[in-house]
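Residue numbers (full-length UniProt numbering): 1 to 208. The beta carbon of each residue, even a glycine, is placed where N, CA and C say it ideally should be. The block underneath contains the structure these notes are about, expressed in structure tokens.
Dropping the structure here:
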């Protein structure tokens, strides 16, 4: 554990975002990863604006604090959630493998990431969720992988329902962030905290 005398003040904090169309399972992925719980879709209310959870994770013997933001997919919330891109180090673009529309919307979400994220080094990952619905699959693994290659992002398929690939997705994203020191190392120095935050605010394209 990367703690000093039991203190959590030295644990790096990383900000992750989940984005994508409504009903692709963003909230379910978040709940599965943080609480190892799955609720049927009819029991999961649509995210209004933004929600977030905090989770501790251990990568190669070092502890990291993850603040994971679950953003609403509905168009009417887009101006509200754009501000939450500021300071993000990792973004997960989620689509539903049984929904062609959600896959084709990835280009629009990609443009939004590049518009609002503070740093060009932000690590992106495409996640094809709901592989448990194989019988109604509308997007092949090959198509998802090809999209990821085109956009030069990480890629994985998973299922929040059956817990296939969920932990692996988050851990792979965090590992890539750790391998990109420009995204998070300055945040570990207390004396730089205010200065870094100011820089991030100025760098953001969001007028919030």
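* Run the CB neighbour count on residue 149, radius 10 Å, all protein chains shown included, and call it buried at 16 or more, exposed below. => Burial call: exposed.
* **C-alpha distance - residue 21 paired with residue 12, whole-angstrom precision** => Rounded to whole angstroms, residue 21 to residue 12 spans 30 Å at the Cα level.
* How long is the line joining the alpha carbons of residue 14 and residue 136, rounded to whole angstroms? -> Taking the straight line joining both Cα atoms gives about 35 Å.
* **Identity of the residue in 10, 87 and 156 nearest residue 121 by Cα** => Ranking 10, 87 and 156 by Cα distance to residue 121 puts 87 first.
* Could you say if the segment 170 to 183 and the segment 56 to 66 meet the contact criterion of at least three C-beta pairs nearer than 8 Å? => Contact holds: three or more Cβ-Cβ distances are below 8 Å.
* Quick one, which of 103, 113, 95 and 118 has its alpha-carbon nearest residue 124's? -> That would be 113, whose Cα lies nearest to the Cα of residue 124.
* To do: Would you kindly work out how many angstroms separate the C-alpha atoms of residue 163 and residue 85, rounded to a whole number?
  => Distance between the alpha carbons of residue 163 and residue 85: 27 Å.
* Sort out for me which residues DSSP pairs residue 159 with in a bridge. => DSSP output for residue 159 lists 164 as bridge partner(s).
* **Contact the segment 126 to 136 vs the segment 91 to 104: 3+ CB pairs below 8 Å** => Because the criterion of three Cβ pairs below 8 Å is met, the segment 126 to 136 and the segment 91 to 104 touch.
* To do: Work out the CA separation of residue 104 and residue 89 for me, nearest whole Å.
  => In this structure, the alpha-carbon of residue 89 lies about 24 Å from that of residue 104.
* To do: Would you give the residue range spanned by the beta strand (DSSP E) that residue 30 belongs to?
  => In the DSSP assignment, residue 30 falls outside any beta strand (DSSP E) and lies within the alpha helix (DSSP H) extending over 26 to 35.
* Please work out which residues of its chain come closer than 7 Å, Cβ to Cβ, to residue 140, disregarding the five sequence neighbours upstream and downstream, and give them in chain order. => Around residue 140, the same chain offers no residue with a beta carbon nearer than 7 Å, after the five sequence neighbours per side are excluded.
* **Option in 95, 70, 66 and 69 with minimal Cα separation from residue 145** => Closest option to residue 145, Cα to Cα, is 95.
* Cβ-based burial, residue 166 [other Cβ within 10 Å; buried from 16] -> It is buried - the Cβ of residue 166 has at least 16 other Cβ atoms within 10 Å.
* Please work out which residues of its chain come closer than 7 Å, Cβ to Cβ, to residue 25, disregarding the five sequence neighbours upstream and downstream, and give them in chain order. => Result list for residue 25: 94, 96, 129, 130 and 160, in chain order.
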